[in-house]
Amino acid sequence: MARARLEDISLRYITIEGVIGVGKTVLATKLAEKLEARLVLEEVEENPFLANFYQDMRTYALSTQLFFLLSRHRQQQQFSQQVLFQERIVSDYSFFKDRIFAYINLSEHELKLYEKIYEFLQKDVPKPDLVVYLQAPVEILIERIKKRGRSFEQEMNPEYLQVVSDSYNRFFLHYDATPLIIVDTTRLNFVQNENDFIQLFKAIVSTTSSRKFFSPQADKK
9 MARARLEDIS LRYITIEGVI GVGKTVLATK LAEKLEARLV LEEVEENPFL
59 ANFYQDMRTY ALSTQLFFLL SRHRQQQQFS QQVLFQERIV SDYSFFKDRI
109 FAYINLSEHE LKLYEKIYEF LQKDVPKPDL VVYLQAPVEI LIERIKKRGR
159 SFEQEMNPEY LQVVSDSYNR FFLHYDATPL IIVDTTRLNF VQNENDFIQL
209 FKAIVSTTSS RKFFSPQADK K
């Protein structure tokens, strides 16, 4: 895309959301390259509690969640202090996603502590201009997780993955804080099929208000 057309795109800060294994990082990377934007990636493997969490969720839930919350806040605060009109940003996560996982994994007493910390930290975090929510059935997510080969994810309980997926769907059913595009990735191969990526790219950059649903099969009919 030529520079003049890039300048016509009003979106400055885009975040990619979705369940584990849905393709957030790949899409964020391709979008950042296409938009000549700064890429911000979630620090997943840096969490020292995560591997233990997947082995014993109850014991390691709070430490895992607080590490992610503080790590995400540190990252977001760094670029919230920049002047966003000077630089586009594409991130493979949104700060608010932390709450989705907190309500799945934490006990009632842990949530009270978590909420106090979250409410204090979220004041520093800028809202994205657009959230891209990627969806896929759990069986497809499991296939993608196996292919990418992260050792600590290989024994993930499919039931837990279903709970996470259901929680994401409920959250975005009512989400209205920013413009939103919901993308069905079941038969969308934006990793290897450039036509699929271009089709999705055009849908993303044209979503500047309210919400949109994107399904390539429906669009081709």
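Taking the numbering used here, the leading residue of the sequence shown gets 9, the next gets one more, and so forth.
Think of the CB as a built atom: it goes at the ideal place given N, C-alpha and C, for glycine as much as any other residue.
Between the C-alpha atoms of Arg219 and Lys131, what's the straight-line distance to the nearest angstrom? 24 Å
What's the C-alpha gap between Gln84 and Thr215? 23 Å
Go through its chain and collect everything with a Cβ distance to Ser223's Cβ below 6 Å, but skip five positions before and after it. Asp192
Where Glu123 and Ala40 are concerned, what is the direct C-alpha to C-alpha distance, given to the nearest angstrom? 32 Å
Option in Ala36, Thr33, Leu43 and Lys38 with minimal Cα separation from Ser18: Leu43
Cβ atoms of Leu169 and Ile28: under 8 Å apart, would you say? yes
Going by other Cβ atoms of all chains shown within 10 Å of its Cβ, with 16 needed for buried, is Pro166 buried or exposed? exposed
Helix, strand or coil for Leu47? Go by DSSP, reduced to three states. strand
Three-state class that DSSP yields for Asp174 in the structure shown: helix
Check whether Leu138 and Thr186 have beta carbons under 8 Å apart: yes
Per-residue DSSP class, three states only, for Lys118: Before going further, note that residue 118 is Glu rather than Lys in the sequence given. Reduced to three states, the DSSP call for Glu118 is helix.
Which stretch, first to last residue, makes up the alpha helix (DSSP H) that contains Lys220? Run containing Lys220: none in the alpha helix (DSSP H); it sits in the beta strand (DSSP E), Arg219 to Phe222.
Sequence-distant residues of the same chain with beta carbon closer than 8 Å to Pro56, five excluded per side: Phe75
What does DSSP give as the partner residue(s) for Gly8 in the beta ladder? Residue numbering for the chain in the displayed model covers 9 to 229; residue 8 lies beyond these limits and cannot be assessed.
Helix, strand or coil for Ser79 per DSSP? helix
Glu51 vs Ser102 beta-carbon contact at 8 Å: no
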